[in-house]
Structure formats: structure tokens, C-alpha cells
Amino acid sequence: EQEFTLLGTSRVPKLPIRVSALYVAQFPPRYAAIRQFSSETLDFPFEAEGRQVRLEPMGIRTLPVVHELDLRIEYTLRLGGQRLTVYSDVRNAVNRAGVVESQERYPFIATGAGTILPFDAPLAVQAPRQIVVGGRWTF
């Protein structure tokens, strides 16, 4: 997995406002379909959990690149020798919903909860937009 990160901060001219942005692009690793055989299915010495066999050439599939933009906006008010800072953090500001992990076993995988997931089903997706508002009082 590879990642590109860009971070920048700027002040708004003539206002006590600072804006910070963090852009991250994650390039997911390549994968291929695999088939899991139990030790009862194959009569061959190997680990107790079984043997994995690749059904496609290694690295033939890949997930789309995941893009995420996080923002922080701060407003600072000076009160004598004290400072009051109000901020807002916006995670995943553009609210993308990319798949970050998929199911590689073919034809399916059975989970402990009795759910059957088909091949290439999403296992994890990007977190949705989150907004946090807070403040700091420095004295």
C-alpha cells in the first residue's frame, strides 16, 4: 500500500482565522482471487487452517484510490493576556465513500455471525464525514 499526503496551513488576511487542510490519497495493494481448502479436503501435509490457492495471477485486481480531505478551522480571540480559541475539525470533508478492503476468497467466506460474503464484497469502507467543534481557553 502506498500513500501520498499533503498538509498545508494558512491564515485569513486581517482576520484571526487559521485554516489547515490535510489531503491523503491511499493507493491500495493489488490482490487476486484465492480459494481456501481445509485440511480434510486435500490429502497433503500443511498447516491446520488449510491451504490457499491463487485462482488468478497475483496482483491482477486493485481497488480504486481512496481520496480524503480533512479540514481544521480555528478562530482566536484575545482577551487581555488570555486567548480563547474556537475550532472545528471536518474529517472527510467531501464525504467520499471509497472501499478500502474487499473479500479475496472465492466463491465466498462465511463469517462467525452466519453471514456469507461473496467474492469481492466490500469488507471496509471509508469513514463518513465527521464534524467536531471545540474550544481552548489559554490563561
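Heads up: the sequence shown runs through residues 1486 to 1624, numbered per our numbering.
Even for Gly, the Cβ is constructed at its ideal location relative to N, Cα and C.
Span of the beta strand (DSSP E), counted from its first residue to its last, around residue i
| i | result |
| --- | --- |
| glutamate 1559 | 1551-1564 |
| leucine 1608 | 1607-1610 |
| phenylalanine 1512 | 1502-1512 |
| leucine 1602 | 1601-1603 |
| glutamine 1487 | 1487-1496 |
| glycine 1619 | 1615-1623 |
| glutamate 1586 | 1584-1587 |
| isoleucine 1594 | 1593-1595 |
| threonine 1547 | It is not in any beta strand (DSSP E) - threonine 1547 carries neither H nor E in the DSSP assignment. |
Of the residues the options, the one placed nearest residue i, counting alpha carbons only
| i | options | result |
| --- | --- | --- |
| isoleucine 1519 | Leu1608, Gly1544, Gln1615 | Gly1544 |
| glutamine 1588 | Pro1603, Val1575, Arg1576 | Pro1603 |
| phenylalanine 1522 | Phe1512, Leu1491, Val1538 | Val1538 |
| proline 1549 | Glu1559, Thr1490, Pro1607, Tyr1591 | Pro1607 |
| arginine 1515 | Asn1580, Trp1622, Asp1605, Leu1562 | Asp1605 |
| arginine 1621 | Gln1511, Leu1569, Leu1491 | Leu1569 |
Inter-residue Cα distance where the pair is residue i and residue j
| i | j | result |
| --- | --- | --- |
| arginine 1503 | glutamine 1567 | 18 Å |
| alanine 1609 | proline 1592 | 19 Å |
| lysine 1632 | valine 1618 | As shown, the chain starts at 1486 and ends at 1624. That puts residue 1632 outside it, with no answer to give. |
| valine 1585 | glutamate 1486 | 11 Å |
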